[in-house]
Amino acid sequence: MSAWHVNGTSSYALRGRAYGTEPSATPGRPVRNSRRAPVVALVLLLVALAGWQLGGAVWIQAKAALAQRLIASSWSGMQEDGAKRPWPWADTHPVARLTVPSRHVELFVLAGTSGRSLAFGPGHVDGTAAPGSEGNSVIVAHRDTHFAFLRDLHENEEILVEDARGRVSRYLVREVAVVDKHDTRPLDPADSPQLTLITCWPFDAVQPGTDQRYVVIADRTRG
Amino acid sequence: MAGKSGGYQGGLQSLRADFIELLGKAIVSGIAASVVFGLVALGLATSARAQSKPNDARTGTLLFRTGEAGAFAPAPKVETEVTIHVTGIVARTRVSQTFHNPGEDWVEGVYVFPLPENAAVDRLRLRIGERVIEGQVKEKEAARRIYAEAKREGKKAALVEQQRPNLFTNAVANIGPHEYVRVMIEYQQTLAIDNGEYRLRFPLAITPRYEPAGAAIPDEPKAIEAYQATVDSLGAPPATGPDPVLHPDYAPAGAGAVNPVAIGVVIDFGVPLAKVTSSYHDAWIEKDSGSRTVLYLKKEQEEADRDFELVWSPAGGSAPLAAAFLETRNGTDYALLLVMPPQPTAQEKAAIAPLPRETVFVIDTSGSMQGTSIQQAREALLTGLSTLTARDRFNVVEFNSSTRPMWPDALPATAENLQYARAWVSKLQANGGTEMAGALAFALNGRDTAGYLRQVIFMTDGAVGNEDHLFKLIAQRLGSTRLFTVGIGSAPNSHFMTKAALFGRGSFTYIGDLREVEEKMSKLFAKIESPVLKDVSIRWPDGTPVETYPARVPDLYLGEPVVVAAAHASLKGTIVVSGMRGNQPWSVALTPTAAEEPTGVGALWARARIASLMDELRLGADEALIRPAVVKVALEHHLVSRYTSLVAVDVTPTAPGGEKRSALVKTSAPRSMIAGELPQTDTAFTLQILLGLLALAAAGVGALIGRSIPAGGGEHAAQPAEGAR
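Line by line, the protein sequences give chains A and B.
Going by our numbering, the residue at position 204 of the first sequence is 205; the numbering climbs one at a time, nothing skipped.
Going by our numbering, the residue at position 329 of the second sequence is 521; the numbering climbs one at a time, nothing skipped.
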């Protein structure tokens, strides 16, 4: 799907609004102010639209960053008192802390991958091995927030995972690949401890809902 | 417990969250204008790089473990042929696995496959061309060494190992390019008998097991203590070589029949059969003039994605009420007894006034239950609720990553409470992990409600990897409660279900299809109303105590037989089985006759002994004591166990030496697992930035037009604004 498609569909709504402002313009009298009025209205409308869209975009980032701060505090309390909700109405809880020293990344991984929890942090895919344990542990996150750094991650870079009991496992990136979203092989169990990070690809796609996924696979190393 | 504020309050919470989101948006919109210019640069850079391809990613390159980058080894394929021969209550099964290497390299194929939990695997044969090599049972490490050596020397070899009591691997070394290698595995098992029906199950699919991460999050301090105590006392899982295979490697959805299976069954029952049904597969069934019935699957090659089950019952009343089989091996007599207590008459039934029940339904709502499984479980639970009477008390507990009881304690089964429960159950969704310990600890709280028969009905697919921890938990906390397991889905972990029910002194019911729910649940509840035969004891020929499995015959519920395996120097003579039916003593005497050909009773006894020793290990016995005992029995009876494997090695090397590539054979995913997608992981961030900037630019253009051309129309301004929403 190209960017054209998006513009094609959503312009429909806007045209409707643009025409809606027209009737006041067409019977127009030759007075400067009243001729300008629709233009001013339109400009204001556009500014409001811009505010709405940009606000939404900033909100996505703000939520992603803020939630991680809240989770960070619930994480530090959790190691003494067991699992905790990062905020009272949260429907998830942190399960691991993922750090990539070379990229100065520190992320708190939440349980489950519902759209709501992914907005707050990377999600551990249910049914895959627990982070840091034997088998294939799969973590997914948004390409434009938490996992934006994946695009720069290369082979043999170090990833650290701390589980709920404070045990730290060290992983090294083995492989990077792009797969179709229907190809669930990255979720397949593995017979050795492995960490799989998945996000949407391409990173710069304008429209959300891409069909491809960027997959980073790391193997656990001793020490 | 911990999850109690989630779920049914979800609607309210989401409203609140949405309101906060809206508020946030409004505030942020104000700030947005000031950051817009900063973002312009970013936005432009982003859109310029859109669709660029990271240099280290290869589109469509897949994540197959090959050792060298970019190399793709086609996985070996396995075709399975199963022949089952049933004589009386014993089935002997031959599983032929034909490995095919479609590639150009010499490979090693490793196939993970399930077998019934009580299978006594005693024979392995490797067939290469016309030659057949007989496998030998060895201690696990020794077998591994033999296999590794053969692999290095380029000899063909097969190694059958037990990973879990019902999960095995078969490794075949040195399969040449385009070559076929056939491995034949044989085992013996006793059949399940219930309500006059004989049930034979051949597992075909493996549900991936969930390994709990840390402690579950139960609120109740008791539950935490119990769980923690279990974790502490067991310590780290026992290290026995490489980690057991928990998760098979599934073939991608839509790949077709990856590992086709053909099944044929011959039932030689001695008496004519009334009804033979293949529960989940279409099958041809041919009845012979005598007592022989032959069955084979209609589809010659069936996908191994759901278990095979065959149910039959002997024609009207001809079912034997007692039978004994005897085998003499190396100076020891092995006997297998089957005694079916007579059904109580209506009069007797009335005499045994059933106690009111306190029933706790525990339902697994973990991710692995998604799809038809959760539907079946909900349906089963609703059926269970409908059997309750106003005298009974009940509660419902849901668990996935955490445990969530409907009420803190059981409440009377009033119409009102039942109505509430039905609504609560209907809303259950499958999602999250499988932290069973918390739910078990809650249900088995050690409390006893006086005057009530306490039952826990546990509905799950048993997709857990920490079975042993759970068994210990059940054994420790059972008290006078009975635990009944109900297996849900197309491939439940029946080892867990059977053992959990055994430790829980209850029974295991398997529901493989939505249509069976009502029938099977009603049967279960009819059965567990009250035991039919209590205090069962057996007197052996010379009056001395005999080593039997089970060591103590449990109370029998309606339709359940006594099945006992025994070994002693001499068992020839009269055996008396006695017990209490209601308040009447009851007994039956039988004399086993030695069969002319070996019946495999010895192997069954040995398998039961190994299972019992492994149970002791689960309950905390020292592995240093258990291991030699298991090895001794296993070697004597040629059985595969946790500590012994079967290995077969060809004499002549056929493959060039050196490092070989190893590949795990793909396993069909269980049917109930929905073929999924990878989660969607992008937001509208880029789109919104772009649209925002477009709108802003359009506004700028509009403002310019409005200033320079006083008569400017809206049409111009609207044009560049296309795309805004």
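Just so you know, even glycine gets a beta-carbon here, dropped at the ideal spot from N, CA and C.
All of these numbers come straight from a predicted model, not from anything done at the bench.
Beta-bridge pairing of residue i - partner residues as DSSP gives them
i: B/Met561; result: In the DSSP output, where bridge partners are listed per residue, B/Met561 has none listed.
i: B/Ala527; result: B/Leu518, B/Ala758
i: B/Ile720; result: Its beta-bridge partners do not exist; DSSP assigns none.
i: B/Gln328; result: B/Val839
i: B/Gly679; result: B/Thr652, B/Tyr702
i: B/Asn293; result: Its beta-bridge partners do not exist; DSSP assigns none.
i: B/Val769; result: B/Ile730, B/Val780
Selected residue, minimal CA-CA separation from residue i, among the options
i: B/Gly643; options: B/Ala607, B/His830, B/Glu550; result: B/Glu550
i: B/Tyr379; options: B/Phe877, B/Pro845, B/Leu831; result: B/Leu831
i: A/Pro102; options: A/Tyr172, A/Glu135, A/Ala73, A/Asp220; result: A/Tyr172
i: B/Thr652; options: B/Leu318, B/Asp556, B/Glu808; result: B/Asp556
i: A/Leu57; options: B/Val299, B/Thr878, B/Ile767; result: First, the residue type needs correcting, since residue 57 of chain A is Gly and not Leu in the sequence shown. The residue with the shortest Cα to Cα distance from A/Gly57 is B/Thr878.
i: B/Arg323; options: B/Thr844, B/Glu752, B/Leu530; result: B/Thr844
i: B/Gln565; options: B/Ala613, B/Arg669, B/Gly681, B/Glu271; result: The sequence as given places Ser at residue 565 of chain B; Gln does not occur at that position. Ranking the options by Cα distance to B/Ser565, first place goes to B/Gly681.
i: B/Ala758; options: B/Val617, B/Gln880, B/Val678, B/Thr520; result: B/Thr520
i: A/Ala131; options: A/Phe150, A/Glu159, A/Ser115, A/Leu196; result: A/Leu196
i: B/Val373; options: B/Arg319, B/Ile338, B/His687; result: B/Arg319
i: B/Val709; options: B/Val738, B/Ser699, B/Phe291, B/Gly679; result: B/Gly679
i: A/Thr185; options: A/Arg175, A/Arg152, A/Arg36, A/Ile199; result: A/Ile199
i: B/Phe586; options: B/Thr595, B/Thr575, B/Gly576, B/Pro604; result: B/Pro604
i: B/Arg669; options: B/Phe688, B/Ala781, B/Ala629, B/Arg707; result: B/Ala629
i: B/Ala454; options: B/Pro395, B/Gly671, B/Glu828; result: B/Pro395
i: B/Thr595; options: B/Thr606, B/Thr575, B/Ala633; result: B/Ala633
i: B/Leu662; options: B/Ala683, B/His829, B/Arg498, B/Leu636; result: B/Leu636
Within 8 angstroms, strictly: CB atoms of residue i and residue j
i: B/Phe695; j: B/Ile649; result: no
i: A/Val180; j: A/Pro187; result: yes
i: B/Val302; j: B/Ala363; result: yes
i: B/Ala847; j: B/Trp298; result: yes
i: B/Ala312; j: B/Leu796; result: yes
i: A/Pro95; j: A/Leu119; result: no
i: B/Pro464; j: B/Ala507; result: yes
i: B/Val769; j: B/Val793; result: no
i: B/Arg773; j: B/Leu725; result: yes
i: B/Tyr835; j: B/Glu331; result: yes
i: B/Asp874; j: A/Arg144; result: yes
i: A/Arg214; j: A/Trp202; result: yes
i: B/Leu782; j: B/Ala466; result: no
Which of helix, strand or coil DSSP assigns to residue i
i: A/Gly116; result: helix
i: B/Leu620; result: coil
i: A/Trp60; result: helix
i: B/Asn775; result: coil
i: A/Phe150; result: helix
i: A/Pro123; result: coil
i: B/Met376; result: strand
i: B/Phe264; result: Note that B/Phe264 has pLDDT 36, beneath the 50 cutoff, so the model's placement of it is unreliable and no number is given.
i: B/Leu632; result: helix
i: A/Thr10; result: Confidence in A/Thr10 is poor, its pLDDT being 35 and thus under 50, which makes the residue's placement too unreliable to answer from.
i: B/Asp660; result: helix
i: B/Gln420; result: Here B/Gln420 scores only 31 on pLDDT, less than 50, and its place in the model should not be relied on; the value that follows carries that caveat. Helix, per DSSP.
i: A/Gln54; result: helix
i: B/Tyr612; result: helix
i: B/Leu487; result: strand
i: A/Asp1; result: Summary: the structure shown does not reach residue 1 of chain A, with chain A confined to residues 2 through 224, and so no result is reported for it.
i: B/Leu396; result: coil
i: A/Asp220; result: strand
i: B/Gln880; result: helix
i: B/Phe695; result: helix
i: B/Tyr303; result: strand
i: B/Tyr749; result: strand
i: B/Glu371; result: coil
i: B/Leu763; result: coil
Contact list for residue i against chain D, beta-carbon separation under 7 angstroms
i: A/Arg144; result: Here chain D cannot be found, since the structure's protein chains are A and B.
Evaluate contact between the region 702-714 of chain B and the region 570-578 of chain B, counting only Cβ atoms and requiring at least three cross-stretch pairs below 8 angstroms. yes
When the Cβ atoms of the region 791-807 of chain B are set against those of the region 762-779 of chain B, are three or more pairs found closer than 8 angstroms? no
Contact between the region 881-897 of chain B and the region 45-59 of chain A is defined here as three or more beta-carbon pairs at a separation below 8 angstroms; is this criterion met? These segments touch.
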